[in-house]
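Heads up: the sequence lines are chains H and G, in that order.
Counting in my numbering, the first sequence runs from 2 upward without gaps.
Counting in my numbering, the second sequence runs from 56 upward without gaps.
Note sheet for the following structure.
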Amino acid sequence: DAEITQSPRHKITETGRQVTLACHQTWNHNNMFWYRQDLGHGLRLIHYSYGVQDTNKGEVSDGYSVSRSNTEDLPLTLESAASSQTSVYFCASSDFLESTDTQYFGPGTRLTVL
Amino acid sequence: QKEVEQDPGPLSVPEGAIVSLNCTYSNSAFQYFMWYRQYSRKGPELLMYTYSSGNKEDGRFTAQVDKSSKYISLFIRDSQPSDSATYLCAMGLYGSSNTGKLIFGQGTTLQVKP
Numbered sequence: 002d003a004e005i006t007q008s009p010r011h012k013i014t015e016t017g018r019q020v021t022l023a024c025h026q027t028w029n030h031n032n033m034f035w036y037r038q039d040l041g042h043g044l045r046l047i048h049y050s051y052g053v054q055d056t057n058k059g060e061v062s063d064g065y066s067v068s069r070s071n072t073e074d075l076p077l078t079l080e081s082a083a084s085s086q087t088s089v090y091f092c093a094s095s096d097f098l099e100s101t102d103t104q105y106f107g108p109g110t111r112l113t114v115l
Numbered sequence: 056q057k058e059v060e061q062d063p064g065p066l067s068v069p070e071g072a073i074v075s076l077n078c079t080y081s082n083s084a085f086q087y088f089m090w091y092r093q094y095s096r097k098g099p100e101l102l103m104y105t106y107s108s109g110n111k112e113d114g115r116f117t118a119q120v121d122k123s124s125k126y127i128s129l130f131i132r133d134s135q136p137s138d139s140a141t142y143l144c145a146m147g148l149y150g151s152s153n154t155g156k157l158i159f160g161q162g163t164t165l166q167v168k169p
């Protein structure tokens, strides 16, 4: 069955370190998204990609970067982790051809920055 | 003011009750509306999708949209303990440049007690 996976599921890091969160989907979807979920804010879009070599900034992109070298993967990098980036991170994907724009979410990565 | 407002709850109801979950929004341009369900420690999953004012039913679930009031609702009939989850509303615009740019509410946490 097609799926979307994230790794690691839990990560503890220190302020200032570079961290990369992995996202891998086997849906063969063109569109991929990264969100963070925090109490009081719901899901907020960090970065998104509509295809290989395409990346775009979302609502809360400062301090984050992504790259898309193939269809399946969209890793999220925190250049220099800050305590404000402690959050749960979700990756999602959707099919460009699907009119309902349904996004399929991964299980999430819980990141703690100390 | 947030574009989408949703009471975070928590909402606790007895099994069998009718549940009403609501969101208000400020951007009258939103064209389609979604409800996602998120179980604890899981990613959100699409529950219902609608793009027009009025009601849409799917089993025990009814999604209602009132574009004139900028108000959407999700009703759950005969609620079950398995419905205990966080429910997130989301909305967006059609068009290739808007693909995937969903705006989410904060989510309402629902607990259905046996």
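Every residue gets a Cβ at the ideal spot worked out from N, C-alpha and C, and that includes glycine.
Take residue i as the anchor and find which of the options has the nearest alpha-carbon.
i: S137 of chain G; options: G:V59, G:P65, G:R92 and G:F88; result: G:R92
i: V67 of chain H; options: H:P108, H:T78 and H:Y51; result: H:T78
i: G162 of chain G; options: G:Y94, G:S83 and G:Q56; result: G:Y94
i: F106 of chain H; options: H:T16, H:T27, H:K12 and H:T14; result: H:T27
i: V167 of chain G; options: G:T141, G:T105 and G:A118; result: G:T141
i: Q38 of chain H; options: H:T87, H:S95 and H:K58; result: H:T87
i: Q61 of chain G; options: G:Y126, G:F116 and G:L102; result: G:Y126
i: M89 of chain G; options: G:P99, G:M103, G:P169 and G:S67; result: G:M103
i: F116 of chain G; options: G:F130, G:K122 and G:T105; result: G:F130
i: L76 of chain G; options: G:S134, G:R96 and G:Q86; result: G:S134
i: S84 of chain H; options: H:S8, H:P9 and H:I13; result: H:I13
i: G114 of chain G; options: G:R132, G:S108 and G:S107; result: G:R132
i: S50 of chain H; options: H:S70, H:G41, H:D63 and H:G43; result: H:S70
i: Y65 of chain H; options: H:L115, H:A3, H:D96 and H:V20; result: H:V20
Let's see if you can read the secondary structure: which residues bound the beta strand (DSSP E) around residue i?
i: G52 of chain H; result: G43 to G52
i: A145 of chain G; result: A140 to G147
i: L75 of chain H; result: No beta strand (DSSP E) contains L75 of chain H, which DSSP labels as neither H nor E.
i: G109 of chain G; result: G109 to D113
i: I127 of chain G; result: Y126 to I131
i: E100 of chain G; result: E100 to T105
i: F116 of chain G; result: F116 to D121
i: T164 of chain G; result: T163 to K168
i: Y94 of chain G; result: No beta strand (DSSP E) contains Y94 of chain G, which DSSP labels as neither H nor E.
i: R69 of chain H; result: It is not in any beta strand (DSSP E) - R69 of chain H carries neither H nor E in the DSSP assignment.
i: S75 of chain G; result: V74 to Y80
i: P65 of chain G; result: Where P65 of chain G is concerned, there is no enclosing beta strand (DSSP E), given that its DSSP letter is neither H nor E.
i: H11 of chain H; result: H11 to T14
i: V114 of chain H; result: T110 to V114
In this structure, what does DSSP give as the bridge partners for residue i?
i: H25 of chain H; result: H:T6 and H:D74
i: E60 of chain G; result: G:T79
i: R37 of chain H; result: H:R45 and H:Y90
i: K58 of chain H; result: H:H48
i: N32 of chain H; result: H:S95
i: F106 of chain H; result: H:A93
* Please name the residues in the stretch 93 to 104 of chain G whose beta-carbon is closer than 8 Å to at least one beta-carbon of chain H, in chain order. => R96, K97, G98, P99, E100, L101 and Y104: these are the residues of the stretch 93 to 104 of chain G whose beta carbon lies less than 8 Å from some beta carbon of chain H, given in chain order.
* **Residues from the stretch 154 to 169 of chain G in contact with chain H, defined by Cβ distance under 8 Å** => Against chain H - using a Cβ distance shorter than 8 Å - the residues of the stretch 154 to 169 of chain G are T154, G155, K156, L157, F159, G160, Q161 and G162.
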